[in-house]
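Note sheet for the following structure.
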Amino acid sequence: MSLFRNPDVRPPAVAQLFYPGDARSLADEVTSYLEQTQDTPLAPGFPKAVIVPHAGYIYSGPVAASAYDLLRPARGVVRRAVVLGPCHRVPVRGLALPAASAFDTPLGRIPLDEEAIASIRGLPQVVESAATHAQEHALEVQLPFLQQVLGEFSLVPLVVGSVAPEKVAEVLEHLWGGDETLFVISSDLSHYHSYEAARRIDGATVQAILGFDAGISHEQACGATPVAGALIAARRKGLAPKLLDCRNSGDTAGGKDQVVGYASFAFAPGSPRYEAEHGRKLLQIARASISAALGLGPEGGAPAAEEPWLREWRASFVTLMHKEEELRGCVGTLEAQRPLAADVVENARAAAFQDTRFKPLTREELARTDIEVSLLSAPKRLRFEGHADLIARLRPGVDGVILEQGDEKSGKRATFLPQVWEGLPDPEQFIAHLKQKAGIPQNASTQSCRVKRYTVLKWREVEFRQ
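Numbering (the working numbering), first residue to last: 798 to 1263.
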């Protein structure tokens, strides 16, 4: 195919070496890493910058995934990814742009952001070097993760060679932008020490990064220069660093005699939380959507999503209850498919008019219908040894549970929101009823099923009337 022969396109150099070379296997592997990350509290926003490792996926993929998991809501919001990493093959002075106009991976082609690149070409520390980029893996291994979580975006790839960290920070500040711009700093930590020595060295490096210490050495991190530049810029811009994961190859897929250290960090402005006003807004959107469909409100269904948090990709459920506590409809999405505001609009209408368990909602019923909106975290795979272990790992009242059996297209699947624990507090009964809902025989081995869990934040109209 001509896809990898275009001289204006940089082809993948380490596919099949650092990560799978075919699209399906690569997408499945990245998804698997994302699904195995630790669940984090639901909060609006996403990182402005991340530091992630760049070894073969079997070694550092699980650690990198902790950062990329936080970028799922940025899909459709982030339009530009600025990726910086160190030289491993061809040395260069300054920060090197490629000669190409696009980068290919097995997941598709990523165009370069020509406008952003033009804005930094005049800086004396920015150069062009096709040779430096040709075989460099530090940037390439980040791209499939970005494609999986962001979808479409443009790229500014910079291989960082011999240059002062302050000069790196200057480039970052030129490209800073707003929510549309993300910075990815690619770096491993210590190399080829014993397991225990690496833990000590990497622990000190982690503390240096959390303390904005731009004096870290290349013995501590191969990407010390881009990391230091990012720390300078992040501090000036008021970002707060957070450690997400720190392990080494002895923890993931290698021996413990000589290991390589990996860590992932996120940088964001403060620690925002979902508050009552967020819930009030979502409930207003849901009711306006149903009212418009019934001809009781303005056409279009809901107020425009001006606020940034409403444009983030999130999954939601909308539940309708008669005021006598009788269920009247419940429809939602388990994984984010669109911006949150649009998701609530669609799910509210589906709960009112498309839940096949009920007749379509009428105008007369709407007045005595109470609406609840649930905001879901990204589902995470729950690993378990057997049925008894699964039962022990479930968290009644906390976990929403997805039960799957068979393949994605023709398999069986069902979920219970955490609210269902109120009526089924016993984990054994909870799983039994979930099997029944999915159409899975009760005598089917639980180990033949895939289990994922998620958490929710929920708001109900009646709470705001009290």
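No residue lacks a Cβ here, since even glycine has one placed at the ideal position from N, Cα and C. None of the values given here were measured: they were computed from a predicted structure.
Item                                                                                                                                                            : Value
Lys-1206: buried (16+ other C-beta within 10 angstroms of its C-beta) or exposed?                                                                               : exposed
Do Gly-891 and Gln-932 have their beta-carbon atoms positioned less than 8 Å apart in this structure?                                                           : no
Between Val-1217, Lys-845, Glu-1169, Glu-977, which has its C-alpha nearest Arg-1192's C-alpha?                                                                 : Val-1217
With a cut-off of 8 Å on the beta carbons, I'd call Ala-864 and Leu-1041 a contact; round off their distance for me.                                            : 6 Å
In chain order, which continuous runs of the alpha helix (DSSP H) of length 4 or greater are located wholly inside the region 897–973?                          : 911–917, 927–931, 934–937, 940–947, 962–971
Between His-990, Ala-1133, Val-879, which lies nearest to Glu-937 when the distance is taken from Cα to Cα?                                                     : Val-879
Pick from Gly-873, Ala-824, Arg-1033: whose alpha carbon is nearest that of Leu-1137?                                                                           : Gly-873
So the beta strand (DSSP E) Glu-1201 belongs to, where does it begin and stop?                                                                                  : 1197–1202
Check whether the region 1236–1251 touches the region 1163–1181, taking contact to mean three or more Cβ pairs, one atom from each stretch, closer than 8 Å.    : yes
Which word fits Tyr-989, buried or exposed, when buried means at least 16 other C-beta atoms lie within 10 angstroms of its C-beta?                             : exposed
Rounded to the nearest angstrom, what separates Ser-799 and Ala-1005 at their Cα positions?                                                                     : Residue placement at Ser-799 is flagged as unreliable, the pLDDT there being 43, under the threshold of 50; a coordinate-derived value is accordingly withheld.
Per the DSSP calculation, Tyr-1251 is bridged to which residue(s)?                                                                                              : Gly-1197
Going along the chain, which unbroken runs of the alpha helix (DSSP H) with 4 or more residues stay wholly within the region 982–1035?                          : 992–1007, 1021–1033
Take Pro-1222 and list the residues in its own chain whose beta-carbon comes closer than 7 Å to its own, dropping the five residues that flank it on each side. : Pro-1193
Return the chain-ordered ranges of every beta strand (DSSP E) run that is complete within the region 845–872 and spans a minimum of 3 residues.                 : 846–849
In the structure shown, what three-state DSSP assignment does Gly-1094 receive?                                                                                 : coil
Cα-Cα, which of Lys-1078, Lys-1156, Phe-1181 is closest to Val-1142?                                                                                            : Lys-1078
Pull up the distance between the alpha-carbon of Ser-1171 and that of Thr-837, whole angstroms please.                                                          : 16 Å
Pick out whichever of Tyr-1059, Arg-1084, Arg-1111, Ser-1088 has its Cα sitting closest to the Cα of Tyr-1071.                                                  : Arg-1111
On the premise that Ala-871 lies in contact with Leu-947, defined as a C-beta separation below 8 Å, what is that separation, rounded to the nearest angstrom?   : 6 Å
Using only the alpha-carbon positions, how far apart do Ser-983 and Leu-1091 sit?                                                                               : 52 Å
Check the C-beta distance from Tyr-992 over to Lys-1039 and give it rounded, since I have them as a contact under 8 Å.                                          : Wrong, their Cβ atoms sit about 25 Å apart, outside the cutoff.
Can you tell me whether Asp-1042 is helix, strand or coil according to DSSP?                                                                                    : strand
Note the first and the last residue of the continuous alpha helix (DSSP H) segment covering Ile-1188.                                                           : 1184–1190
DSSP has Pro-883 in a bridge; who is on the other side?                                                                                                         : Val-957
Within the chosen definition, does the region 1057–1077 reach the region 1109–1129 through at least 3 CB pairs nearer than 8 Å?                                 : no
Quick check: what's the CA-CA separation for Ser-959 versus Ala-824?                                                                                            : 34 Å
So, with DSSP's three-state summary, where would you put Glu-1169?                                                                                              : strand
Determine the direct distance from the alpha carbon of Arg-918 to that of His-971, and round the result to whole angstroms.                                     : 11 Å
Identify which residue in Arg-1190, Arg-1135, Thr-1116, Glu-1132 has its Cα closest to the Cα of Phe-1155.                                                      : Thr-1116
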